[in-house]
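Read through the structure below, which is laid out as structure tokens, and then see the notes.
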Amino acid sequence: MNDKEVVLSGIRATGNLHLGNYYGALSKFVKMQNDYDCLYFIADLHALTTTPDPNILHENVKNILAEYLAAGINPDNATIFVQSDVPEISEMYLLLNMHVGIGELMRTTSFKDKARKQLGIKSGSEDEDIEKQIIGTDSNKRVNAGLLTYPTLMAVDILIQKAHKVPVGKDQEQHLELTRRFARRFNSFYGVDLFPEPQNFNFGTQSVKVPGLDGSGKMGKSEGNCIYLIDDEKVLRKKVMRAVTDEGPTEPNQPISAPVQNLLTLMELTSAPEIVQQYRDAYADCSIRYGDMKKQLAEDILKVTTPIRERYHDIRNDDAYIARVVRQGAERARERASKTLAEVREIMGIRKFY
Ligand code: ADP
Ligand code: TRP
14 MNDKEVVLSG IRATGNLHLG NYYGALSKFV KMQNDYDCLY FIADLHALTT
64 TPDPNILHEN VKNILAEYLA AGINPDNATI FVQSDVPEIS EMYLLLNMHV
114 GIGELMRTTS FKDKARKQLG IKSGSEDEDI EKQIIGTDSN KRVNAGLLTY
164 PTLMAVDILI QKAHKVPVGK DQEQHLELTR RFARRFNSFY GVDLFPEPQN
214 FNFGTQSVKV PGLDGSGKMG KSEGNCIYLI DDEKVLRKKV MRAVTDEGPT
264 EPNQPISAPV QNLLTLMELT SAPEIVQQYR DAYADCSIRY GDMKKQLAED
314 ILKVTTPIRE RYHDIRNDDA YIARVVRQGA ERARERASKT LAEVREIMGI
364 RKFY
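So my numbering is basically just the index in the sequence shown, starting at one, shifted up by 13.
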């Protein structure tokens, strides 16, 4: 196990998982578990940056644990743990923050988006306006410091396990870039070679971005356009049948409109290549029928999600099993994290007198 490269990834505990999470992250977790030394976790501390209801947070951690297991992550192959069960992460987060600039954190896209939301300002407003409001005096309208240092915490998740590969979707690439920068900075500041520089991982060549079915950009929890892995058949079919399309092609070989391209992108992920080609050809010769295409797509998505949904409910109700998995995962993750933390403390001069 020790000569395998280390893979680490996590998902925030903010709700059930959708097809975007599946193709961007979870399906890669499952595929990688036999070939790498894998650790997968649930980021409950990161979820706190958007101040969830405590009971809902706890339920969400459990949901995602059950989804990891139902999707096929085998706890005998991969370490599955909850972020807050590894207190070494929180200590190293404090230490690494001493090498992170406020400016570089404030320039992160996800920070700007979420800060805008917390302040209730419209997207598209100038960065200068956001900065002014952030340092403004009204303490009822504040951006919490945890949100600003989100990338430090994520970098620590990765660096404390000395991970080489981090399977995540495209939207996380900026955070990974910061992680590499922090790793390089730490290594060079102290003249050590402690942290590897982690890379994203995809089976194809490109990061995936799963689109929503509402004709807009990505599928996402806050976009409200998700197909969940645990949606029952009726709900799932209904969501797909309601997908936005266009009026239909009027001339042969017309460029494909954005909402139809979104359907095709989902098909490319879930359907056989001949089926995707068949609908591309039908668009090109104007014989396409969106109703048929959506029916096909719904069936192909169900082939992926039904086995996961069926296992999910049993696992979700098995408290003893879930507890066993996370206890074992926490032990393994802590063993490794505490070694790295001891090295970091020593390197930074935090040494004991007794
Ligand atoms: P959401 O955007 O729904 O809040 P998260 O931010 O919790 O989802 O993302 C968890 C993981 O799923 C990350 O690795 C992220 O890159 C991936 N992911 C989320 N949405 C998509 C999407 N539409 N396409 C590809 N990957 C996605
Ligand atoms: N920021 C990631 C997301 O929103 C979740 C995350 C936290 C993560 N720590 C991580 C992903 C470490 C990979 C590695 O999806």
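Note that the Cβ used here is the ideal one computed from N, Cα and C, for glycine as well.
With respect to the alpha helix (DSSP H) encompassing D140, which residues constitute its N-terminal and C-terminal limits? D140 -> alpha helix (DSSP H) spans D140 to I148.
Assuming K183 and G28 are in contact, meaning their beta carbons sit under 8 Å apart, how far apart are those beta carbons, in whole angstroms? The Cβ separation is near 20 Å, so there is no contact.
Once you ignore the five residues that flank Y292 on each side, which residues in its own chain have a CB closer than 6 Å to its CB? If you ignore the 5 residues before and after Y292, its C-beta comes within less than 6 Å of the C-beta of M306, all in its own chain and listed in chain order.
Buried versus exposed, by CB contacts within 10 Å (16 or more), E80: buried
Rounded to whole angstroms, how far is the Cβ of K175 from the Cβ of P209, which I believe are closer than 8 Å? With a Cβ gap of about 6 Å, K175 and P209 count as contacting.
Please list the segments of the beta strand (DSSP E) lying wholly inside the stretch 66 to 105, counting only runs of 3 or more residues, in order along the chain. 92 to 95
Separation of S138 from K145, as counted between CA atoms: 12 Å
Does the separation of the CB atoms of L21 and L61 fall below 8 Å? Here L21 is not near L61, since their CB atoms are 8 Å or more apart.
Give the residues whose C-beta lies closer than 6 Å to at least one heavy atom of the ligand FAD, in chain order. Ligands present in the displayed structure are limited to the ligand ADP and the ligand TRP, and the ligand FAD is not among them.
With F54 as the anchor, note down where its alpha helix (DSSP H) starts and where it stops. It is not in any alpha helix (DSSP H) - F54 instead sits in the beta strand (DSSP E) that spans D50 to A56.
Short Cβ contact (8 Å threshold) for T283 with V257: no
I'd like to know whether the C-beta atoms of A83 and V43 end up nearer to each other than 8 Å. no
Kindly identify the DSSP beta-bridge partner or partners of S22. Y53
Compute every distance between the C-beta of N215 and the non-hydrogen atoms of the ligand ADP, then say whether any falls below 7 Å. no
Can you tell me whether G304 is buried or exposed? The criterion is at least 16 other CB atoms within 10 Å of its CB, across all chains shown. exposed
Measure the C-alpha to C-alpha separation of Y35 and I77 and round it to an integer number of angstroms. 12 Å
Is the beta carbon of F214 less than 8 Å from the beta carbon of K41? Yes.
Going by DSSP in three states, Q290 sits in which element: helix, strand or coil? helix
Is the stretch 162 to 170 touching the stretch 103 to 112 in the sense that three or more CB pairs, one from each, lie closer than 8 Å? Result yes; three or more Cβ-Cβ pairs closer than 8 Å.
If you run the structure through DSSP and keep just helix, strand and coil, what is Q267? coil
Spatial distance of L58 from G362 (CA atoms): 27 Å
Which partner residues does Q212 have in the DSSP bridge list? K178
Should E246 and L315 be called a contact, given that it needs their Cβ atoms to be closer than 8 Å? yes
Grab me the residues of V205's own chain with a C-beta within less than 8 Å of its C-beta, minus the 5 sequence neighbours each way, in chain order. So the list reads F199 and I360, once near-sequence residues are dropped.
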